[in-house]
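Before any comments, here is the structure.
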Amino acid sequence: MRVGVTGGAGFIGQYLIRDYGKDYDFVVPVRDKSRLLKEETGAGIVESDYTVDSLKRILQGCDAVIHLAAKGMPKSRIPLKIEDYMPNVMASASIFEACKEIGITNIINVSSKAVWGGQAGQDLLSEEELTRPGDEYGVSKLCGEALAGFYSDVYGMKIKSYRMGEVCGLDLNRGMLNPFWKVLLDASVNGKPIPIYGKGTGGRDLIYVKDVTRALRAGLDQEGKGIYNIGSGRITTNLEIAETFCKVFKNEAGIELHPEKEEWGTTKRLDVGKAKRELGFEARYDLFRIVEDIKREYDNLKIMERKE
1164 MRVGVTGGAG FIGQYLIRDY GKDYDFVVPV RDKSRLLKEE TGAGIVESDY TVDSLKRILQ
1224 GCDAVIHLAA KGMPKSRIPL KIEDYMPNVM ASASIFEACK EIGITNIINV SSKAVWGGQA
1284 GQDLLSEEEL TRPGDEYGVS KLCGEALAGF YSDVYGMKIK SYRMGEVCGL DLNRGMLNPF
1344 WKVLLDASVN GKPIPIYGKG TGGRDLIYVK DVTRALRAGL DQEGKGIYNI GSGRITTNLE
1404 IAETFCKVFK NEAGIELHPE KEEWGTTKRL DVGKAKRELG FEARYDLFRI VEDIKREYDN
1464 LKIMERKE
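Reminder that position 29 of the sequence shown reads as 1192 in this note's numbering, one-by-one numbering, no gaps.
In structure tokens form, the structure reads like this:
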């Protein structure tokens, strides 16, 4: 199967192309080749300005498209501007329009739990739960979902929008990007206490990056359309994560609680039943396996760096 992948140089795209390059003929439009993996993947990398004409030329002959490309949330608490996230909306529009014109109907559009913001009424979030984005990034993702629904309903396309939980893992080019996970990894590698704010009871619905790529692969084989929650369906606390890092990395320095500081977390988890029923997908990586694999990828990354 020939599959177009936007965002192939990004966090999720790196794993998809590396781990499934022998199973699919990947075509990857990119704006900047400098961020691509240094190892040979066999994917067809083509520079694109993400206009409709450029994408039509590059994606011609593809059987399906996975749309990962997007500007993500900043890694620090800075005010967001809607103009910074309009390119997410325009990229989605260009991709769907290009696919419509060249006859590609099987598309996976990667969205986010950010479409709910913090205002969702239920702790178990189904795909039918009212969306109320709390920031500009969430708005851009909700616009992408609306475009996907429009092209599916009006033009008969089969676009699946994946609402992701908190995707965790090591970026293969840039190391650990998420600030919380970066602190965990750095402390564990250097044998220092892991700082945890509050009591560590803040939680997150995690999904490991390699489970995400499995979900993408599952979606390629399905002709359905609509919205699917992709997560673990359970809450993992910050303290549980820190304890697991200490165990896997054998960090005897342990955990250092800071009860005076505000902890971050949520009680809201994704209802993942629809993805299991219709896509045959459910997460396989539990917390221990996630951290074990992060350590394995980190060790391999350091070995490659020493060889250069």
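Positions of the beta carbon are idealized from the N, C-alpha and C atoms, including for glycine.
* To do: Measure from the alpha carbon of A1438 to the alpha carbon of each residue in M1236, D1374, T1214, then state which is nearest.
  => Taking the first residue of the sequence shown as position 1, residue 1438 is located at position 275. Taking only the C-alpha atoms, the option nearest A1438 is D1374.
* Who are the Cβ neighbours of G1224 in its own chain at under 7 Å, not counting the five residues just before and after it? -> Translated into positions along the sequence shown, residue 1224 becomes position 61. Closer than 7 Å at the Cβ level, and outside the excluded window around G1224, lie R1165.
* Which two residues bound the contiguous alpha helix (DSSP H) that contains T1169? -> Sequence index remark: in the sequence shown, residue 1169 carries index 6 (1-based). Not the alpha helix (DSSP H): T1169 falls in the beta strand (DSSP E), residues 1165-1169.
* Asked: Unbroken alpha helix (DSSP H) runs of length 4 or more, entirely within the segment 1238-1308: which are they?
  -> 1245-1265
* Asked: Does the distance from the CB of T1430 to the CB of L1179 come in under 8 Å?
  -> Here residue 1430 corresponds to residue number 267 of the sequence shown, with the count starting at 1. Here residue 1179 corresponds to residue number 16 of the sequence shown, with the count starting at 1. Not a contact, by the Cβ cut-off of 8 Å.
* To do: Could you name the residues of the same chain whose beta carbon sits closer than 7 Å to that of I1466, not counting the 5 residues immediately before and after it, in chain order?
  => Within the sequence shown, residue 1466 is the residue found at index 303, counting from 1. Here the set comprises nothing.
* To do: Determine, using beta carbons only, whether A1381 and L1442 come nearer to each other than 8 Å.
  => As a first step, residue 1381 must be located in the sequence shown, where it is residue number 218. As a first step, residue 1442 must be located in the sequence shown, where it is residue number 279. In this structure, L1442 lies closer than 8 Å to A1381 by Cβ.
* Residue span of the beta strand (DSSP E) that contains K1323, given as start and end -> Translated into positions along the sequence shown, residue 1323 becomes position 160. Per DSSP, K1323 belongs to the beta strand (DSSP E) from 1321-1327.
* R1377 - partner residues in DSSP beta bridges -> Here residue 1377 is taken as the residue at index 214 of the sequence shown, counted from 1. R1377 is not bridged to any residue.
* Whose C-alpha, out of N1272, G1301, S1211, A1261, is nearest the C-alpha of I1390? -> Reading the sequence shown from its first residue, position 227 is the one you call residue 1390. Taking only the C-alpha atoms, the option nearest I1390 is N1272.
* Assign C1331 to one of three DSSP states: helix, strand, or coil. => Counting from one through the sequence shown, the residue named residue 1331 turns up at place 168. Of the three classes helix, strand and coil, the one that applies to C1331 here is strand, per DSSP.
* V1193, buried or exposed, once every other Cβ within 10 Å from all chains shown has been counted against 16 -> The residue given as residue 1193 occupies position 30 in the sequence shown. Buried: at least 16 other Cβ atoms inside 10 Å.
* Just checking, does the segment 1296-1305 make contact with the segment 1345-1362 on the three C-beta pairs under 8 Å criterion? -> With fewer than three CB-CB distances shorter than 8 Å, the segment 1296-1305 does not count as touching the segment 1345-1362.
* Euclidean distance between Cα positions of D1247 and Y1448 -> The residue labelled residue 1247 in the question sits at position 84 within the sequence shown. The residue labelled residue 1448 in the question sits at position 285 within the sequence shown. In this structure, the straight-line span from the alpha carbon of D1247 to that of Y1448 is close to 34 Å.
* Beta-carbon proximity of S1324 to A1311, cut-off 8 Å -> As a working note, residue 1324 is residue 161 in the sequence shown. As a working note, residue 1311 is residue 148 in the sequence shown. Closer than 8 Å, so yes.
* Asked: Among all the DSSP beta bridges, which residues are the ones paired with E1406?
  -> Residue numbering aside, residue 1406 sits at position 243 when the sequence shown is read from its first letter. DSSP, once it has assigned bridges, lists no residue as partnering E1406.
* **Sequence-distant residues of the same chain with beta carbon closer than 6 Å to G1167, five excluded per side** => One-based indexing of the sequence shown puts residue 1167 at position 4. V1190, L1222, C1225, V1228.
* Asked: Would you say K1388 and I1453 are within 8 Å of each other, going by their C-beta atoms?
  -> The sequence position of residue 1388 within the sequence shown is 225, counting from 1. The sequence position of residue 1453 within the sequence shown is 290, counting from 1. Not closer than 8 Å, so no.
* Asked: Who does G1389 pair with in a DSSP beta bridge?
  -> Looking up residue 1389 in the sequence shown gives position 226. K1323, per the DSSP bridge assignment.
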